[in-house]
Amino acid sequence: MVVDDSAVVRGLETRMLEADPEIKVVASVGNGQAALQALDRIDVEVVVLDIEMPVMDGLTALPKIIEKKPGIRVLMSSTLTHKNAEISMKAMELGATDYIPKPSSSKELTGAGDFQELLVSKVKVLGASARRGTGVRRTFGAGTGTAPAAAASPASAAPAVAKPAAAAPAAAPRVSLLSPTAPIQLRQASTERPDVIAIGSSTGGPQALFTVLTALKAAGGVEQPILITQHMPPTFTAILAEHITRIAGLSAKEATQGEKINGGMIYIAPGDWHMLIDSKGGERYVHLEQGEPENFCRPAVDPMFRSIVKAYGKKVLACVLTGMGADGAKGGKVVAEAGGTVIAQDEASSVVWGMPGATAQTGVCSAVLPIDEIGSYIQKFATRRA
Numbered sequence: 030m031v032v033d034d035s036a037v038v039r040g041l042e043t044r045m046l047e048a049d050p051e052i053k054v055v056a057s058v059g060n061g062q063a064a065l066q067a068l069d070r071i072d073v074e075v076v077v078l079d080i081e082m083p084v085m086d087g088l089t090a091l092p093k094i095i096e097k098k099p100g101i102r103v104l105m106s107s108t109l110t111h112k113n114a115e116i117s118m119k120a121m122e123l124g125a126t127d128y129i130p131k132p133s134s135s136k137e138l139t140g141a142g143d144f145q146e147l148l149v150s151k152v153k154v155l156g157a158s159a160r161r162g163t164g165v166r167r168t169f170g171a172g173t174g175t176a177p178a179a180a181a182s183p184a185s186a187a188p189a190v191a192k193p194a195a196a197a198p199a200a201a202p203r204v205s206l207l208s209p210t211a212p213i214q215l216r217q218a219s220t221e222r223p224d225v226i227a228i229g230s231s232t233g234g235p236q237a238l239f240t241v242l243t244a245l246k247a248a249g250g251v252e253q254p255i256l257i258t259q260h261m262p263p264t265f266t267a268i269l270a271e272h273i274t275r276i277a278g279l280s281a282k283e284a285t286q287g288e289k290i291n292g293g294m295i296y297i298a299p300g301d302w303h304m305l306i307d308s309k310g311g312e313r314y315v316h317l318e319q320g321e322p323e324n325f326c327r328p329a330v331d332p333m334f335r336s337i338v339k340a341y342g343k344k345v346l347a348c349v350l351t352g353m354g355a356d357g358a359k360g361g362k363v364v365a366e367a368g369g370t371v372i373a374q375d376e377a378s379s380v381v382w383g384m385p386g387a388t389a390q391t392g393v394c395s396a397v398l399p400i401d402e403i404g405s406y407i408q409k410f411a412t413r414r415a
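When we follow the working numbering, the leftmost residue of the sequence shown carries the number 30, and every step to the right adds one.
This is the structure in structure tokens:
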């Protein structure tokens, strides 16, 4: 269902989506109230939801939509302004699954081939997620520093766990998957205590990050710096940092060129920039560059992982969370080959098991875990005795 107050935009988005034979737009309405009324009559897997609308805006409609249809996936759609980025991030706190930056005018939208490609791919992925029932959706409070209650998921209900007998508890490889027969080979975690934690994420990533970092703080926090690459456009990344600070109670900021990396701080790769690391005189510094996109993304996870290995060697803990594509898989292999440790989110709790699945299937992971267990795992691993 497409929800937008502009009839022109609704028509254009409907044509874009239905150009793909796997997508059927079952309703097109002009405000949140009309969307709620439509949900009483029709079955919907994905809602593309505008923000600013008369009668009932997107942010007001969002929790009502989720309450009415708990399994539905909501894709927030808005023009790329600071205000709309802030509202979109708030929407993801309230349970929206993902967001898409919309061209600022119907004229721009008409010729926006990149927007159509992204819209179609996101809707197809979210539709598949809705049908599988994967991806734990939750809402977050005003930043108490306590982990939110977990929604039930196949992983938490009946996890398949593999654990080698002769391994230290904090370093023990574990796997929790939708299918216990999935061909995932685990490797032993490093015995080194990491000097840095690196996290990559994409579709469904903001909620996953809120969950992981809130749980990490609740478990006691870490003294290492945390570097995060989340596939996001400019403006959104700075707001993501603000929301992490408020929700998880940890210090987070959008990384800036040349700044020193300090322990206990979270650095977010800015939109449209790869975040790399320079080493000088025993210290590490942020190096931002606009090299070619990798895995169709900038910022991308792979260059961050490679750069962190150059700066920190084997003392790296890398984590790949939910997301489309395979970004992070090649970089994770570099981390593992250098002697570092790689973990990934499991299929059952991922909105999209693309990035974490590709990473797990390379055989470099020491643990593949439900999202609710990753924060405490990172905290225990980062604070254990080497």
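Even for Gly, the Cβ is constructed at its ideal location relative to N, Cα and C.
- Your pair L346 and F410 checks out as a contact, with CB atoms roughly 6 Å apart and the cut at 8 Å.
- Straight through space, the alpha carbons of L41 and I94 are spaced by roughly 23 Å.
- DSSP, reduced to helix, strand and coil, places I94 within a helical segment of the structure shown.
- Inclusion of M261 and S280 in the CB contact set at 7 Å is not warranted, their separation being larger than that value.
- Selection V75, G100 and D49 evaluated against S57 yields V75 as nearest (Cα-Cα).
- Within 10 angstroms of the beta-carbon of S158 lie 16 or more other beta-carbons, which makes it buried.
- Per DSSP, reduced to three states, the secondary structure at R313 is strand.
- CA-to-CA, the gap between K131 and Q374 works out to about 29 Å.
- Around C348, the same chain offers I228 and I372 as residues with beta carbons nearer than 6 Å, after the five sequence neighbours per side are excluded.
- DSSP, read as helix, strand or coil, puts M304 in strand.
- A distance below 6 Å between beta-carbons, with the five flanking residues on each side excluded, links Y128 to the following residues of its chain, in chain order: M105 and S117.
- Around D307, the same chain offers Y314 and H316 as residues with beta carbons nearer than 6 Å, after the five sequence neighbours per side are excluded.
- Partner residues in the beta bridge of K131, as assigned by DSSP, are T108.
- Inclusion of I226 and I255 in the CB contact set at 7 Å is warranted, their separation being smaller than that value.
- Straight-line spacing of the CA atoms in V31 and V77 works out to 5 Å.
- A365 and V393 have their C-alpha atoms some 6 Å from each other.
- Assignment of E47 by DSSP, reduced to helix, strand and coil, places it in the helix class.
- Inside the region 230–269, DSSP marks whole beta strand (DSSP E) runs of 3 or more residues at positions 255–259, from first to last along the chain.
- Rounded to whole angstroms, the gap between the alpha carbons of D79 and I403 is 32 Å.
- Counting C-beta atoms within 10 angstroms of its own C-beta, F325 has fewer than 16 neighbours from the protein chains shown and is therefore classed as exposed.
- In the three-state DSSP reduction, Q374 falls in the strand class (E or B).
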